[in-house]
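Inspection log for the structure reproduced underneath, given as C-alpha cells.
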Amino acid sequence: ELGGYPVTAIGDNAFYNCTGITSVTIPDSVVNIGIRAFDCCENIAAIEFGNGVENIGECAFNKCGIETLIVPQGITSIGWGAFSDCYNLTEVVFHDGVTRIEEYAFSGCRSLKEVDLPSSLEYIGFMAFSYSPLETIEIPNAIKRIDVGAFSGCRYLKRVDLPDALESIGESAFRGCSALKEIDLPSSLEYIGAMAFSQSQLETIEIPDNVSYIDLAAFENCSELTDIEIGENNLKYSSEDGVLFDKDKTTL
Numbered sequence: 008e009l010g011g012y013p014v015t016a017i018g019d020n021a022f023y024n025c026t027g028i029t030s031v032t033i034p035d036s037v038v039n040i041g042i043r044a045f046d047c048c049e050n051i052a053a054i055e056f057g058n059g060v061e062n063i064g065e066c067a068f069n070k071c072g073i074e075t076l077i078v079p080q081g082i083t084s085i086g087w088g089a090f091s092d093c094y095n096l097t098e099v100v101f102h103d104g105v106t107r108i109e110e111y112a113f114s115g116c117r118s119l120k121e122v123d124l125p126s127s128l129e130y131i132g133f134m135a136f137s138y139s140p141l142e143t144i145e146i147p148n149a150i151k152r153i154d155v156g157a158f159s160g161c162r163y164l165k166r167v168d169l170p171d172a173l174e175s176i177g178e179s180a181f182r183g184c185s186a187l188k189e190i191d192l193p194s195s196l197e198y199i200g201a202m203a204f205s206q207s208q209l210e211t212i213e214i215p216d217n218v219s220y221i222d223l224a225a226f227e228n229c230s231e232l233t234d235i236e237i238g239e240n241n242l243k244y245s246s247e248d249g250v251l252f253d254k255d256k257t258t259l
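Each step along the sequence shown adds one to the number in my numbering, with nothing skipped, and position 148 is 155.
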C-alpha cells in the first residue's frame, strides 16, 4: 500500500537507473509493470513477482542484474526487450501458459546458456534470444514461424530441435550460430529466409519437399557446408553433387 491505497501499477520509468536497488518484491496487488520501470537498475539481483502481475512493459527490466527469473503465472506474453541485456541471467522458469516472447525479450543475456520453452508458446519474436550463449534449444510444437534474427549471434548454439509443424524460418534466424553443425528441417517447412543460416558451421543440409522458397544468401559463408540434398518430390529445387539448383538445373 501507498498512502493507504493498494498499488496496482508501477509507472513508466518509475525506478529508471536506480542503481542502489538490489532486490525487488512486487506485491500481489500490482497488475501492470510499466515501460522501462526498472531499466538500467544494474544491481537488482533478485525479483519476486506477486500473483497479480499480468503485464511486463517494454524494457521493464532491461540491463538489470537478475540471476534467476520465475515468470509470473498471470503473464502470457514477455514484452519487447523486457529482460534484454540482463548479463547475469542464468535461469528462466516459464509456466505453461506463456504464448508469446516478443522482440528482443532476452537479447544479449550473455549468461543464459539454456532455457526450457513452454509447450504453450506460439510466437518467438524478432531477435528474441539473439546474442545469448544458448547451447541447445527445443522449439515447442505450437510454433509455426521463427521470426527474423530470433537466435542470431548465438555462437555457442550446437543443437536446435525444430517442431514438426514449422512452416517458416525467418531472415537471419540462425545467422552467426558458428557452433551449429547440423539441423533437421521438418517436412512441413515451406520457407527459408535470407541469411537464415549464414555464418553457421552446417556440414550438410536436407531441404524438405514442401520448401518452395529459399531466400538470398540463406547459407552464405557456411564454409563447412559440402552437401545440400533436396527432397525428391520438391517442385522448386534440385541438387547435383551437393550443389543447390532450381528444378530445371539452370540456375544456382
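Where a beta carbon is used, it is the ideal one built from N, C-alpha and C, also for glycine. Please read these numbers as outputs of a predicted model, since none were measured by experiment.
Rounded Cβ spacing between residue i and residue j (contact assumed at less than 8 Å)
{"i": "residue 68", "j": "residue 33", "result": "Not confirmed; about 11 Å, so no contact."}
{"i": "residue 42", "j": "residue 60", "result": "Not a contact, Cβ separation roughly 15 Å."}
{"i": "residue 235", "j": "residue 249", "result": "6 Å"}
Beta-carbon proximity list for residue i, same chain, < 6 Å, skipping 5 on both sides
{"i": "residue 144", "result": "167"}
{"i": "residue 119", "result": "96 and 139"}
{"i": "residue 192", "result": "215"}
{"i": "residue 199", "result": "176, 221 and 225"}
{"i": "residue 93", "result": "71, 73 and 116"}
{"i": "residue 211", "result": "234"}
{"i": "residue 53", "result": "30"}
{"i": "residue 2", "result": "Residue 2 cannot be examined here, being either before or after the span of the chain that is shown, 8 to 259."}
Spatial distance of residue i from residue j (CA atoms)
{"i": "residue 44", "j": "residue 65", "result": "9 Å"}
{"i": "residue 80", "j": "residue 160", "result": "30 Å"}
{"i": "residue 149", "j": "residue 132", "result": "14 Å"}
{"i": "residue 22", "j": "residue 48", "result": "8 Å"}
{"i": "residue 106", "j": "residue 121", "result": "19 Å"}
{"i": "residue 63", "j": "residue 89", "result": "7 Å"}
{"i": "residue 169", "j": "residue 11", "result": "51 Å"}
{"i": "residue 76", "j": "residue 257", "result": "53 Å"}
{"i": "residue 36", "j": "residue 86", "result": "20 Å"}
{"i": "residue 39", "j": "residue 136", "result": "24 Å"}
{"i": "residue 109", "j": "residue 84", "result": "7 Å"}
Close-in-space but distant-in-sequence residues of the same chain around residue i (CB under 8 Å, 5 per side omitted)
{"i": "residue 162", "result": "140, 183, 184, 185 and 186"}
{"i": "residue 197", "result": "174, 175, 217, 218, 219 and 220"}
Nonlocal neighbours in the same chain, by C-beta distance under 7 Å from residue i, ignoring five residues either side
{"i": "residue 228", "result": "205 and 206"}
Next on the checklist: Quick check: the segment 121-135 against the segment 100-109, are at least 3 beta-carbon pairs closer than 8 Å?
Outcome noted: yes
Checklist entry - Which ranges would you report for the beta strand (DSSP E) in the segment 113-198 if only whole runs of at least 3 residues count? => result 143-145 and 166-168
Next on the checklist: At 3 residues or longer, what runs of the beta strand (DSSP E) sit wholly inside the segment 219-255?
Outcome noted: 234-237, 244-247 and 250-253
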